[in-house]
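Below is one structure, written out as structure tokens; the observations come after it.
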Amino acid sequence: DTGVSQNPRHKITKRGQNVTFRCDPISEHNRLYWYRQTLGQGPEFLTYFQNEAQLEKSRLLSDRFSAERPKGSFSTLEIQRTEQGDSAMYLCASSLGGALYFGPGTRLLVL
Amino acid sequence: TQLLEQSPQFLSIQEGENLTVYCNSSSVFSSLQWYRQEPGEGPVLLVTVVTGGEVKKLKRLTFQFGDARKDSSLHITAAQPGDTGLYLCAGDFRGTGKLIFGQGTTLQVKP
Chain U
1222 DTGVSQNPRH KITKRGQNVT FRCDPISEHN RLYWYRQTLG QGPEFLTYFQ
1272 NEAQLEKSRL LSDRFSAERP KGSFSTLEIQ RTEQGDSAMY LCASSLGGAL
1322 YFGPGTRLLV L
Chain D
356 TQLLEQSPQF LSIQEGENLT VYCNSSSVFS SLQWYRQEPG EGPVLLVTVV
406 TGGEVKKLKR LTFQFGDARK DSSLHITAAQ PGDTGLYLCA GDFRGTGKLI
456 FGQGTTLQVK P
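If you read the protein sequences in the order shown, they are chains U and D. Using this note's numbering, the first residue of the first sequence is number 1222, and each one after it goes up by one. Using this note's numbering, the first residue of the second sequence is number 356, and each one after it goes up by one.
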């Protein structure tokens, strides 16, 4: 399968813990996006990379969130000191500048 | 701030009926995409429209892009239970590939 992959698929954590998610994009895609989605709503933009450069970060994203894309390949999204409001599906997508291709998402539950 | 308004938010119909979902904005899109998402999975691209007035067909699905590139519609003919899911429109306003999503339309087709 050469689509976008995300790990883990599910994560349950206690409030205050740190979590890290990984995204492996389609290999030839130079752009990588992170979105967050709550139940029954559309995805909300968090940040995106072109190659290894982080070009934009949502103003809604607090300082507890950080994303990296070393070497312009896979990306990680870390949430520090998780809060219950962070519970959501975290989606990764990649593209060559046109349509976005999404991974299956990581569902986070903060207890 | 660019916003996409999608309507209706919920739709429950019988198999064989037709339906239309609308996506509107006060801003001009560089391009617009429609996605379908099933529970626990990432959105899957259905179509991309770029040119004002463009009409694209995908089997029983017809997508239309408004002449002014500010609105779009998705029409499903003779809906089937397999069409059940969350339908999302997403606009690229600046040509960067960063998408702004509507809140989605949850469609349920009953046999």
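By construction, the Cβ of each residue, glycine as well, lies at the ideal position given by its N, Cα and C atoms. Nothing here was measured: the structure is a model prediction, and the numbers come from that model.
Each of T461/D, T432/D, V404/D and G440/D was checked against the Cα of G1319/U, and the nearest Cα belongs to V404/D.
Contact residues of the stretch 1316-1329 of chain U toward chain D are S1316, G1318, G1319, A1320, L1321, Y1322, F1323, G1324, P1325, G1326 and R1328 (C-beta to C-beta distance below 8 Å).
Here DSSP, grouped into helix, strand and coil, assigns Q1227/U to strand. Assignment of beta-bridge partners to R391/D by DSSP yields V399/D and Y442/D.
DSSP lists N379/D as the beta-bridge partner residues of E360/D. Chain-ordered, the chain D residues with CB closer than 9 Å to the CB of E1277/U read T451 and K453.
Excluding residues up to 5 positions away in sequence, T375 and T417 lie with their Cβ nearer than 6 Å to the Cβ of H430/D in the same chain.
For A433/D, there is no enclosing beta strand (DSSP E), as DSSP marks it with neither H nor E.
For E396/D, the chain U residues whose C-beta falls within less than 9 Å of its own C-beta are F1323, P1325 and G1326, listed in chain order. Contact holds between the stretch 1229-1244 of chain U and the stretch 1293-1307 of chain U, because three or more Cβ pairs, one in each stretch, are under 8 Å apart. For the stretch 1261-1290 of chain U, the beta-carbon criterion of a distance under 7 Å to any beta-carbon of chain D is satisfied by G1261, Q1262, G1263, P1264, F1266, Y1269 and E1277. Of all residues in the stretch 398-428 of chain D, only P398, V399, L400 and T403 come within less than 8 Å of chain U when Cβ atoms are compared, listed by chain position.
From the beta-carbon of G457/D, the residues of chain U found nearer than 9 Å are G1263. The beta carbon of T1223/U lies closer than 8 Å to those of I1247 and S1248 in the same chain, with the five residues before and after it left out.
K465/D: member of the beta strand (DSSP E) spanning T460 to K465, first to last residue. Taken through DSSP and simplified to helix, strand or coil, Q1238/U comes out as coil.
According to DSSP, residue pairing for E1299/U in a beta bridge involves T1241/U and S1287/U. Burial is judged here by how many other beta carbons sit within 10 angstroms of a residue's own beta carbon; G1326/U has at least 16 and is buried.
Interface residue (Cβ-Cβ distance to chain D less than 7 Å): L1298/U is not classified as such. The CB of R1252/U comes closer than 8 Å to the CB of G452 in chain D, given here in chain order.
In the assembly as shown, A1309/U is a buried residue. Its beta-carbon has 16 or more other beta-carbons within 10 Å. Around the beta carbon of S427/D, 16 or more other beta carbons sit within 10 angstroms, so the residue counts as buried. Using a Cβ-Cβ cut-off of 9 Å, Q463/D is close to nothing in chain U; its nearest Cβ partner there is about 12 Å away.
By the Cβ neighbour-count rule, S1315/U is buried, with 16 or more other Cβ atoms within 10 Å of its own.
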